[in-house]
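In our numbering, the protein residues as written are 4 to 124. Glycine residues also receive a C-beta, built at the ideal position from the N, C-alpha and C atoms. Just below is one structure, and these are the notes that go with it.
See the structure below:
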């Protein structure tokens, strides 16, 4: 089986279309399935789509991510969601001075993501 890294879409800076890949559609996912992929890695940026003080993810954004995940599920594809680059708040701050806030933000984001997708297998 093969995996597809669906990059430059949901991790684009503050907008799915920001890096020119276009809006992810069921047709795009169908073409990946037809090409023989069985797994899709979906890198996602959450920071621009959240209250950056409280780290609460915007409901419309997580609904959009769910929509893309559902496209994949409809095609019997496995999905790997990850937090990727995310405007640099994580990668640029992996040090002792920022450890507490980075860990807190990671925990808050991943708790929301896990709760949102808890009924998926």
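Residue i and residue j closer than 8 angstroms at C-beta
{"i": "residue 90", "j": "residue 16", "result": "yes"}
{"i": "residue 41", "j": "residue 80", "result": "yes"}
{"i": "residue 47", "j": "residue 85", "result": "yes"}
{"i": "residue 92", "j": "residue 120", "result": "no"}
{"i": "residue 45", "j": "residue 78", "result": "no"}
Rounded straight-line distance, which links the Cα of residue j to that of residue i
{"i": "residue 103", "j": "residue 39", "result": "42 angstroms"}
{"i": "residue 109", "j": "residue 52", "result": "14 angstroms"}
{"i": "residue 114", "j": "residue 58", "result": "11 angstroms"}
Buried versus exposed, by CB contacts within 10 Å (16 or more), residue i
{"i": "residue 14", "result": "buried"}
{"i": "residue 9", "result": "buried"}
{"i": "residue 27", "result": "buried"}
{"i": "residue 83", "result": "exposed"}
{"i": "residue 19", "result": "buried"}
{"i": "residue 97", "result": "exposed"}
{"i": "residue 123", "result": "exposed"}
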